[in-house]
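A quick write-up on the structure given underneath.
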Amino acid sequence: MSLTFTAELFHWRGPAPHYFLRVPEELVPDLKDAARFVTYGWGMIPCEAVVGETRFRTSIFPKDGGYLLPVKVAVRRAESLEEGQAVTVSVTPG
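In numbering that gives the first Met the number 0, the protein residues as written are 0 to 93.
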């Protein structure tokens, strides 16, 4: 199963600041189904993600009834991504 979506890159200014893409609500049921088979705890879903020409491993995690995909510094630099930018990503759980 592979999901492709576009979301706005946002900066979470918590104790450890990170950048994320929020998975659109219409894809949440698909991820919840996948989580039953691949989660390693706390609802975390390991995945491979592709943004532009950059492929990376990460984990999607549940937040407020939805899911967030963290976008690593190396990916943001390689693809020249900035906060507020619409980013298209393909995600394959597992």
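Glycine included, every Cβ here is placed at the ideal spot set by N, Cα and C.
Given the structure, does residue i come close to the ligand SAM, in the sense that its CB is under 6 angstroms from one of the ligand's heavy atoms?
i	result
histidine 17	Among the components modelled here there is no ligand, and therefore nothing to report on the ligand SAM.
Inspect the beta-carbon positions of residue i and residue j and report whether they are closer than 7 angstroms.
i	j	result
threonine 91	serine 1	yes
leucine 80	valine 88	no
Would you list the one or two residues that DSSP bridges to residue i?
i	result
tryptophan 11	His17
glutamate 47	Arg56 and Thr91
Using the C-alpha atoms, what's the distance from residue j back to residue i?
i	j	result
valine 27	aspartate 63	11 angstroms
glutamate 24	lysine 31	11 angstroms
aspartate 29	valine 49	18 angstroms
Give every residue of the same chain whose Cβ lies closer than 7 angstroms to the Cβ of residue i, excluding the five residues on either side of it in the sequence, and list them in chain order.
i	result
arginine 21	Ala6, Gly65 and Leu67
tyrosine 39	Pro45
Got a sec? Which residues, its chain only, sit under 6 angstroms from residue i by beta carbon, not counting five neighbours each side?
i	result
methionine 43	Ser58 and Phe60
Just mark residue i as buried or exposed, buried being the case when its beta carbon has 16 or more other beta carbons within 10 Å.
i	result
valine 72	exposed
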